[in-house]
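What follows is a short report on a single structure.
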Amino acid sequence: MRGFFLGGKYPGDALMLHYKRILLKLSGESLAGGEGYGIDACMVDRYAEEVKKALDLGAEIALVIGGGNIFRGLSSAAADMDRVQADHMGMLATVINSLAFQDALERKGVFTRLMSAIKMEQVAEPFIRRRAIRHLEKGRVVIFGAGTGNPYFTTDTAASLRAVEIEADVIVKGTRVDGVYSSDP
Ligand code: UDP
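Residue numbers (our numbering): 2 to 186.
This is the structure we're talking about:
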């Protein structure tokens, strides 16, 4: 898991032994590579490899992935848009990233489930807390897509919410900003 930790405070293995159930929040930008936008397959693959390593050490891993590499409700591209409409686009962007991450994990032989806060049955399971916990207990990586499902929130909020709901031992954040924000940085 090295590379996920702010300030390199924890060597990955030590953290893993310490915490059993981990909620990992990845910002959309962390998947974007040098370009700052879109999805860089190498970056996705790199993070997926780290997740697999943590899983192999015995951790239970849930993921929340942002959408800022594709669309943000408060971005200049959304300046003239209705805020709720723009936030819906942002939440769908998180699902696109989640699908990319799910694909990368499954190519490595990791069992996964994508759960969406916005119903889209052909693409993802609906988020059901008990079912999410069961998936984790069975060793599946659970990816929570579509944020909280509500406009005016960010995926940092979604990560905190899901972490509490699944009784995660720790939230780990992989990002290019230096903390957890209550509004879009
Ligand atoms: N979003 C939302 N509700 C949520 C989570 C996200 O409306 O519960 C929208 C919001 O427009 C946000 C975008 O999705 O700007 C992408 O999420 P975020 O900015 O948190 O992604 P990150 O910065 O982590 O890449």
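In this text, a Cβ means the ideal position worked out from N, Cα and C, and glycines have one as well.
Inset, instruction - Would you list the residues sitting across from Val65 in a DSSP beta bridge? - result: Lys26 and Phe145
Legend entry - Within the region 65 to 143, ranges of the beta strand (DSSP E) (whole runs, at least 3 residues): 113 to 117
Legend entry - Limits of the alpha helix (DSSP H) - the one that Lys53 falls within: First-last of the alpha helix (DSSP H) with Lys53: Ala42 to Asp57.
Inset, instruction - Work out the CA separation of Gly146 and Arg3 for me, nearest whole Å. - result: A caution first: Arg3 carries a pLDDT of 38, below 50, which makes its placement in the model unreliable, though a value can still be read off. Those two C-alpha atoms are separated by around 24 Å.
Legend entry - Gly148 vs Met92 beta-carbon contact at 7 Å: yes
Inset, instruction - Can you grab the Cα-Cα spacing for the pair Gly34 / Ala160, in whole Å? - result: Their Cα atoms are separated by approximately 22 Å.
Inset, instruction - Return yes when the C-beta of Gly69 is under 6 Å from any heavy atom of the ligand UDP, and no when it is not. - result: yes
Inset, instruction - Go through its chain and collect everything with a Cβ distance to Ser99's Cβ below 6 Å, but skip five positions before and after it. - result: Cβ within range, chain order: Ile66, Leu115, Ile144 and Gly146.
Legend entry - Proximity below 7 Å, CB of Ala63 to CB of Ile134: no
Inset, instruction - State the Cα-Cα distance for the pair Thr95 and Gly59, rounded to the nearest angstrom. - result: 27 Å
Inset, instruction - Could you please give the first and the last residue of the uninterrupted beta strand (DSSP E) stretch that includes Ile172? - result: Val171 to Gly175
Inset, instruction - Would you check if there are 3 or more beta carbon pairs closer than 8 Å linking the region 37 to 55 to the region 70 to 85? - result: yes
Inset, instruction - Using only the heavy atoms of the ligand UDP, determine whether one of them is closer than 6 Å to the beta carbon of Ala159. - result: Yes, since a heavy atom of the ligand UDP falls inside the 6 Å radius drawn around the Cβ of Ala159.
Legend entry - DSSP-derived helix/strand/coil call for Thr155: Residue state, collapsed to three classes: coil.
Inset, instruction - Go through its chain and collect everything with a Cβ distance to Phe154's Cβ below 7 Å, but skip five positions before and after it. - result: Gly148
Legend entry - Helix, strand or coil at Ala33 [DSSP, three-state]: coil
Legend entry - Any non-hydrogen atom of the ligand UDP closer than 6 Å to Arg141 Cβ: no
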